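Trainee:
Number of protein chains: 2
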Amino acid sequence: MGKEASRKLEWRINVSDGVSERLEPETGAILRAWTWFKRLMLGGFILKICKFLEKAWNLAVDEPKKVIHGLKVGLAISLVSLFYYMRPLYDGVGGNAMWAVMTVVVVFESSVGATLGKCINRAIGTFLAGSLGVGVHWIAFHSGKNLEPIVLGISLFLLASAATFSRFMPTIKARFDYGIMIFILTFSLVSVSGYRVDRLLELAQQRLSTIAIGASICIIISMLFCPMWAGDELHLLICQNLEKLAHSLDECVVEYFRHNKTSTAKDEACSKKMKGYRCALNSKATEELKANFARWEPAHGRFSFRHPWKQYLKIGASIRNCAYCIETLHGCVDSETQAPPHLKRHLNNICMRLSSSSSNVLQELAFALKTMKQSSKINLSVGEMNFAVQELKHALISLPNHNISIKNPSPSTVEASGNCNTEPITSIRASSSFMEILPLATLASLLIENAAKIEVIVNGVNELAVLAEFKPTTDNKKSKSNQSPKKLTSENQDPETVKIPQKV
Amino acid sequence: MGKEASRKLEWRINVSDGVSERLEPETGAILRAWTWFKRLMLGGFILKICKFLEKAWNLAVDEPKKVIHGLKVGLAISLVSLFYYMRPLYDGVGGNAMWAVMTVVVVFESSVGATLGKCINRAIGTFLAGSLGVGVHWIAFHSGKNLEPIVLGISLFLLASAATFSRFMPTIKARFDYGIMIFILTFSLVSVSGYRVDRLLELAQQRLSTIAIGASICIIISMLFCPMWAGDELHLLICQNLEKLAHSLDECVVEYFRHNKTSTAKDEACSKKMKGYRCALNSKATEELKANFARWEPAHGRFSFRHPWKQYLKIGASIRNCAYCIETLHGCVDSETQAPPHLKRHLNNICMRLSSSSSNVLQELAFALKTMKQSSKINLSVGEMNFAVQELKHALISLPNHNISIKNPSPSTVEASGNCNTEPITSIRASSSFMEILPLATLASLLIENAAKIEVIVNGVNELAVLAEFKPTTDNKKSKSNQSPKKLTSENQDPETVKIPQKV
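Chains as they are written, first to last, in full-length UniProt numbering: chain A, 1 to 504; chain B, 1 to 504.
And the structure:
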């Protein structure tokens with residue numbers, strides 16, 4: 001369009017005045033620049049939109065739940081707008097149907113708990129503020145024409161200030177933040193509109209009924225169509241964090257000992273798994289939010305109404321504690337100062353055994369949580385982990401003695417010592433300094449520290465099992481397989497063979 | 001009341017029928033139980049309220065800002081309600097003044113950035129949805145009487161679904177979440193009410209003007225009366241976290257080495273300081289929120305409009321990384337397995353020197369941030385810290401050599417070695433096992449690790465200093481004191497002096 005118009009313009013100039021200098025080259029350049037600029041802008045804009053749509057598409061594919069939530073909100077709003085479209089309904093609730101639409105838009109959240117919480121908050125807030133507003137109005141009305149606005153103004157100021165301040169109280173903020181906001185809103189509207197509209201009670205009744213309509217549509221839709229329970233999400237989050245910790249721990253230690261052999265063989269998937277613990281590091285806010293929502297939810301699936309959601313926060317905190325330790329462990333893997341390979345080889349197997357038994361405990365816990373059954377193997381797994389801790393400690397104790405006693409080992413013994421690490425380390429060169437051992441010793445002591453932190457998680461999950469009355473495992477096979485390895489240990493005297501098949 | 005009624009009832013029974021058995025003892029007991037129950041309930045209720053008020057009072061004393069915010073909201077709502085109370089104003093904006101009240105209640109947040117962001121979101125969301133709503137309405141109107149509700153319904157469903165889904169996109173969620181909600185709300189209201197009310201444009205104009213009134217009152221009050229800038233808060237939070245880390249680090253190491261001497265001398269204030277780093281552990285969500293709000297804020301105080309707030313998030317992340325390390329360090333202090341006192345004594349001073357030079361760097365950084373000036377001493381402090389790292393490493397290297405060479409030191413040397421720890425450790429008993437050294441070695445290696453992490457923070461602050469154009473310190477005294485220690489180090493032939501001065 002712009003191109004054509006400017007061509008026309010040029011053409012006109014040339015026709016109207018034959019001798020006028022030809023403007024073409026200059027305007028042509030400007031024109032071209034402008035077109036180029038437009039295309040660039042448009043191209044940039046289209047590119048941005050394309051990128052945005054691509055991101056949205058990826059999100060939708062990754063988490064179809066979010067698309068479903070969008071559709072549910074659309075459905076709820078369409079339903080509530082029926083109150084306007086249909087004449088009989090419209091006559092019933094009057095022009096206040098707006099409040100129903102507003103309720104749906106504002107109250108509908110992605111999880112059932114959040115929606116329920118907001119609905120209850122909105123209802124209670126509206127009701128309390130409405131009654132209080134009518135009461136204050138009555139007092140103001142009876143205190144004379146002159147005092148009326150003053151009484152109303154002061155009460156509004158005081159109540160709004162106090163209520164706003166109360167939103168900062170942690171206990172209020174966690175559960176009733178929205179209710180307080182609605183309280184302030186309703187009280188202001190009532191005390192303000194009451195000055196004009198004399199049909200206060202009628203108004204209040206209408207508002208409450210429209211809110212009830214909006215809220216019930218929200219609750220019904222959010223609970224009937226693909227309900228997303230905040231409790232389920234919290235439960236899953238904790239399970240996933242446990243599993244991620246387990247994988248990270250395993251990968252970290254494997255990576256540490258692989259490091260010097262093939263330092264470039266660090267593939268993408270492995271590195272992603274290794275960093276899984278980072279999800280646990282920053283999940284505190286999410287956990288608290290979900291636990292708060294979950295408390296509003298009725299009994300659903302395997303969860304009763306008074307499911308001990310707070311215990312999940314406790315478990316979450318101990319998981320984070322463990323994740324901090326793995327973060328430091330991760331630092332050891334990435335560190336520039338590494339123990340020399342021959343030293344690493346000595347503690348390789350025993351460290352791997354401790355890390356795998358630790359991650360085994362974590363996975364057992366995740367499985368127990370997932371199935372909500374008391375794990376029959378957890379005690380055994382913990383025992384194994386503690387045994388590995390003792391072994392590692394022994395290996396460490398025997399380390400310096402030999403360091404002292406053997407001053408000049410032949411180089412061949414260094415090579416030959418290989419992988420048998422339960423035997424005391426006899427082949428360390430006397431020249432290997434403390435600084436060379438230090439990184440390895442730090443890793444070992446972090447692994448030992450980590451095992452202690454895992455036991456705290458075990459206690460947390462056990463408490464949850466008691467509080468939430470997890471069922472005991474009744475599987476006979478499992479209890480059998482539970483016994484046989486115990487026997488094995490005593491016969492073989494090798495802890496490695498005891499390794500119980502993981503149930504995850 | 002209940003007491004009187006039940007007495008009356010009893011009296012009546014006795015009078016109406018002379019031979020009826022006397023009910024007094026039983027009802028008396030019930031009555032007493034009821035009264036007791038009521039008192040207990042009332043007492044419990046009053047106790048709860050008292051506790052709540054006490055908590056509120058403490059919060060108000062601790063953070064008077066929050067009280068001020070409450071008063072500001074009260075003031076804003078009172079001001080906006082004037083539009084109702086005063087007839088001329090009322091006639092001006094019509095019955096839609098409700099929207100102004102609603103805007104104030106919903107939009108007024110504690111920080112200027114959050115309030116501004118919400119106002120802008122509300123304005124843009126309302127405007128876009130209003131225009132789109134009118135457009136869709138026009139199309140629906142021209143598509144015939146029968147199709148009209150269908151076109152409106154489908155467009156409402158699709159737009160509401162898509163907009164709700166877009167709220168899950170991280171980029172949208174961070175900045176435009178509220179705007180999208182207002183978009184959905186306005187679009188629903190327009191497309192729904194338009195079916196009834198034919199004065200759509202007038203309605204839209206009224207709504208926009210009332211929203212503008214409410215929003216401008218909010219903005220004026222939040223910016224003029226004790227403004228609370230999200231940017232200021234973020235800046236302060238980062239500074240405080242740096243200081244808390246510094247104190248925690250110091251206290252942790254002091255506590256570690258005091259432990260065995262007077263294990264009960266752990267006072268409250270000390271333990272509180274030691275746990276200060278925990279604030280940094282969980283501040284990610286707060287930092288991100290504040291950074292998002294800060295981006296809406298205009299230039300204020302020392303911050304320009306385009307202040308690099310994102311860089312604060314980067315610094316925050318590296319502070320957290322450091323805090324993870326201190327968390328593990330804290331674990332060493334609380335650990336049951338401790339190195340024996342005589343071993344601790346050997347590394348006491350050098351560890352303390354490293355920790356105090358590390359915390360010195362942190363405090364320098366906090367000071368540089370606070371004053372927004374390039375610290376002239378930071379390079380020196382970092383150099384000192386790295387020197388202490390080298391010293392600690394040397395001390396560790398010399399440890400096992402002496403462990404080997406000196407097999408039977410006289411007990412007197414153990415006692416005599418005391419506090420001079422730059423000299424090689426000559427007095428360790430040959431019998432002290434590796435397990436005894438391990439906890440101490442872990443502590444040392446964590447301290448070394450921590451120093452590396454602190455350098456990452458230093459780099460982050462340096463980047464900020466460049467981005468935000470921190471002024472160089474012009475203080476003469478400081479530059480003098482800057483030179484003298486440098487001289488000292490160069491005389492000592494310390495590798496650290498070669499360290500190129502970083503430009504903070």
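Ideal placement from N, C-alpha and C gives every residue a C-beta, glycine not left out. In this text the structure is predicted, and so the values were computed from the model without any measurement.
(1) Determine the burial state of Gly144 (chain B): buried for a count of at least 16 other Cβ atoms within 10 Å of its Cβ, exposed for fewer.
(2) List the residues of chain B that His69 (chain A) touches, going by C-beta distances under 7 angstroms, in chain order.
(3) Would you be able to state if there are at least three C-beta pairs under 8 angstroms between the region 197-217 of chain B and the region 234-253 of chain B?
(4) Scan the region 446-464 of chain A for residues whose Cβ lies nearer than 9 angstroms to a Cβ of chain B and list them as they occur along the chain.
(5) Below 8 angstroms on C-beta distance, what does Lys145 (chain B) contact in chain A?
(6) Could you list which residues in chain A have their beta carbon closer than 7 angstroms to that of Lys55 (chain B), in chain order?
(7) Find out if the Cβ-Cβ distance for the pair Gly135 (chain A), Thr186 (chain A) is shorter than 8 angstroms.
(8) For Pro64 (chain A), which of helix, strand or coil comes out of DSSP?
(9) Tell me the residue span of the alpha helix (DSSP H) that contains Cys226 (chain B).
(10) Residues of the region 179-195 of chain B in Cβ contact with chain A at a cutoff of 8 angstroms, in chain order, please.
(11) First and last residue of the alpha helix (DSSP H) that includes Gly276 (chain B)?
(12) Quick check on Lys173 (chain B): buried or exposed, where buried means 16 or more other Cβ atoms within 10 Å of its Cβ?
(13) Can you look up Gln338 (chain B) in the DSSP assignment and give me helix, strand or coil?
(14) What number of angstroms, rounded off, separates the C-alpha of Ser484 (chain B) from the C-alpha of Arg175 (chain A)?
(15) Going straight from the alpha carbon of Glu297 (chain A) to that of Trp309 (chain A), what length do you get?
(16) Measure from the C-beta of Leu249 (chain B) to each C-beta in chain A and report whether the shortest distance is under 8 angstroms.
(17) Given that a residue counts as buried once 16 or more other Cβ atoms are within 10 Å of its Cβ, and exposed if not, what is Ser216 (chain A)?
(18) Using Cβ-Cβ distances below 7 angstroms, what residues of the region 278-298 of chain A are close to chain B?
(19) Is Glu287 (chain A) near Leu237 (chain A), with beta carbons less than 8 angstroms apart?
(20) Does the separation of the CB atoms of Lys290 (chain A) and Leu440 (chain A) fall below 8 angstroms?
(21) Using 8 angstroms as the cut-off, can you tell me whether the region 380-390 of chain A makes contact with the region 353-371 of chain A, which would need three or more C-beta pairs spanning the two stretches below that distance?
(22) Please identify, using Cβ separations under 7 angstroms, the residues of the region 209-227 of chain B that lie next to chain A, in order along the chain.
(23) Could you check which residue in B:Lys393, B:Ala160 and B:Trp99 has the C-alpha nearest to that of residue 508 (chain A)?
(24) To the nearest angstrom, report how far apart Thr171 (chain A) and Glu109 (chain A) are at their CA atoms.
(25) How many whole angstroms separate the CB atoms of Gly460 (chain A) and Ser356 (chain A), which I take to be in contact at a CB cut-off of 8 angstroms?
(26) Enumerate in chain order the residues of its own chain whose CB-to-CB distance from Gln374 (chain A) is below 8 angstroms, with the five nearest sequence positions on each side excluded.
(27) Can you pull the chain B neighbours of Val101 (chain A), defined as C-beta to C-beta under 8 angstroms?
(28) Assuming the contact rule is C-beta atoms closer than 8 angstroms, Phe322 (chain A) and Leu443 (chain A) should be a hit. Round their C-beta distance to whole Å, please.
(29) Do you know whose CA, among B:His342, B:His394, B:Ala60 and B:Ser111, lies nearest Leu224 (chain B)'s CA?
(30) So what does Gln374 (chain B) bridge to, in DSSP terms?
(31) What residues from chain B crowd round Lys48 (chain A), counting only those whose CB sits closer than 9 angstroms?
(32) In chain order, what residues of the same chain have a beta carbon less than 8 angstroms from the beta carbon of Leu281 (chain A), not counting five sequence neighbours either side?
(33) Answer with yes or no whether the minimum CB distance from Val134 (chain B) to chain A is below 8 angstroms.
(34) At a CB-CB cut-off below 8 angstroms, which residues of chain A make contact with Phe157 (chain B)?
(35) To the nearest whole angstrom, what separates the beta carbons of Gly70 (chain B) and Thr164 (chain A), a pair I think is in contact under 8 angstroms?
(36) What in chain B is Cβ-close to Gly125 (chain A), meaning under 8 angstroms?
Mentor: According to the structure data:
(1) Position 144 of the second sequence, counted from the first residue, corresponds to residue 144 (chain B). Within 10 angstroms of the beta-carbon of Gly144 (chain B) lie fewer than 16 other beta-carbons, which makes it exposed.
(2) Mapped onto the first sequence, residue 69 (chain A) falls at position 69. Here the neighbours are Thr164.
(3) Result no; under three Cβ-Cβ pairs closer than 8 angstroms.
(4) Leu446, Ile448, Glu449, Ala452 and Lys453
(5) Here residue 145 (chain B) refers to the residue found at position 145 of the second sequence. The premise fails here: Lys145 (chain B) is roughly 13 angstroms from chain A at the closest Cβ pair, so nothing lies under 8 angstroms.
(6) On the second sequence, residue 55 (chain B) is found 55 positions in, with the first residue counted as 1. In chain order: Met169.
(7) Stepping through the first sequence from its first residue, residue 135 (chain A) is reached at position 135. Stepping through the first sequence from its first residue, residue 186 (chain A) is reached at position 186. Cβ atoms of Gly135 (chain A) and Thr186 (chain A): not closer than 8 angstroms.
(8) For the purposes of this step, residue 64 (chain A) is taken as the residue at position 64 of the first sequence. Pro64 (chain A): helix per DSSP, three-state reduction.
(9) Sequence index remark: in the second sequence, residue 226 (chain B) carries index 226 (1-based). Careful: Cys226 (chain B) lies outside any alpha helix (DSSP H) and carries neither H nor E.
(10) Met181, Ile184, Leu185, Ser188, Leu189, Ser191, Val192, Ser193 and Tyr195
(11) Within the second sequence, the letter at position 276 stands for residue 276 (chain B). No alpha helix (DSSP H) contains Gly276 (chain B), which DSSP labels as neither H nor E.
(12) As a working mapping, residue 173 (chain B) is identified with position 173 in the second sequence. Flag for Lys173 (chain B) reads exposed.
(13) In the second sequence, the residue the question calls residue 338 (chain B) occupies position 338. It is coil, neither helix nor strand.
(14) Counting from one through the second sequence, the residue named residue 484 (chain B) turns up at place 484. Counting from one through the first sequence, the residue named residue 175 (chain A) turns up at place 175. Note that Ser484 (chain B) scores a pLDDT of 38, beneath 50, so its modelled location is shaky; the value from the coordinates is reported in the next line. Taking the straight line from one Cα to the other gives about 59 angstroms.
(15) Along the first sequence, one-based indexing puts residue 297 (chain A) at 297. Along the first sequence, one-based indexing puts residue 309 (chain A) at 309. C-alpha separation (whole angstroms): 11 angstroms.
(16) If you number the second sequence from 1, residue 249 (chain B) lands on position 249. By this cut-off, Leu249 (chain B) is not an interface position.
(17) Locating residue 216 (chain A) in the first sequence gives position 216, counting from the first residue. That one is exposed.
(18) Asn282, Lys284 and Ala285
(19) Position 287 of the first sequence, counted from the first residue, corresponds to residue 287 (chain A). Position 237 of the first sequence, counted from the first residue, corresponds to residue 237 (chain A). Closer than 8 angstroms, so yes.
(20) Here residue 290 (chain A) is taken as the residue at index 290 of the first sequence, counted from 1. Here residue 440 (chain A) is taken as the residue at index 440 of the first sequence, counted from 1. No, the Cβ-Cβ distance between Lys290 (chain A) and Leu440 (chain A) is not below 8 angstroms.
(21) yes
(22) Those would be none; no residue qualifies.
(23) Residue 508 (chain A) cannot be examined here, being either before or after the span of chain A that is shown, 1 to 504.
(24) Your numbering for residue 171 (chain A) matches position 171 in the first sequence. Your numbering for residue 109 (chain A) matches position 109 in the first sequence. Cα-Cα distance, rounded: 21 angstroms.
(25) The residue you call residue 460 (chain A) lines up with position 460 of the first sequence. The residue you call residue 356 (chain A) lines up with position 356 of the first sequence. Rounded, the Cβ-Cβ distance is 22 angstroms, inconsistent with contact.
(26) Taking the first residue of the first sequence as position 1, residue 374 (chain A) is located at position 374. So the qualifying residues of the chain are Ala368, Ala465, Phe470, Lys471, Pro472 and Thr473.
(27) By one-based count along the first sequence, residue 101 (chain A) stands at place 101. Near Val101 (chain A) (Cβ distances below 8 angstroms), the residues of chain B are Leu185, Ser188, Leu189 and Val192.
(28) One-based indexing of the first sequence puts residue 322 (chain A) at position 322. One-based indexing of the first sequence puts residue 443 (chain A) at position 443. The sequence shown places Cys at residue 322 (chain A), rather than the Phe named in the question. No, Cys322 (chain A) and Leu443 (chain A) are not in contact; Cβ-Cβ is about 16 angstroms, not under 8 angstroms.
(29) Residue 224 (chain B) sits at position 224 when you count from the first residue of the second sequence. With distances taken between Cα atoms, Leu224 (chain B) lies closest to B:Ser111.
(30) Locating residue 374 (chain B) in the second sequence gives position 374, where the first residue counts as 1. DSSP, once it has assigned bridges, lists B:Pro472 as partnering Gln374 (chain B).
(31) By one-based count along the first sequence, residue 48 (chain A) stands at place 48. Result: empty, since nearest Cβ-Cβ is about 11 angstroms, beyond 9 angstroms.
(32) As a working mapping, residue 281 (chain A) is identified with position 281 in the first sequence. Answer for Leu281 (chain A): Arg320, Ala323, Tyr324 and Glu327, listed in chain order.
(33) As a working mapping, residue 134 (chain B) is identified with position 134 in the second sequence. For Val134 (chain B), the answer is no, since every Cβ of chain A falls outside 8 angstroms of its Cβ.
(34) The count along the second sequence starts at 1 and reaches residue 157 (chain B) at position 157. Neighbours of Phe157 (chain B) on chain A, chain order: Gly74, Leu75, Ile77 and Ser78.
(35) By one-based count along the second sequence, residue 70 (chain B) stands at place 70. By one-based count along the first sequence, residue 164 (chain A) stands at place 164. Contact holds; Cβ gap of about 4 angstroms.
(36) Counted from its first residue, the first sequence places residue 125 (chain A) at position 125. Below the 8 angstroms Cβ cutoff, chain B contributes no neighbours of Gly125 (chain A), its closest Cβ being approximately 11 angstroms away.
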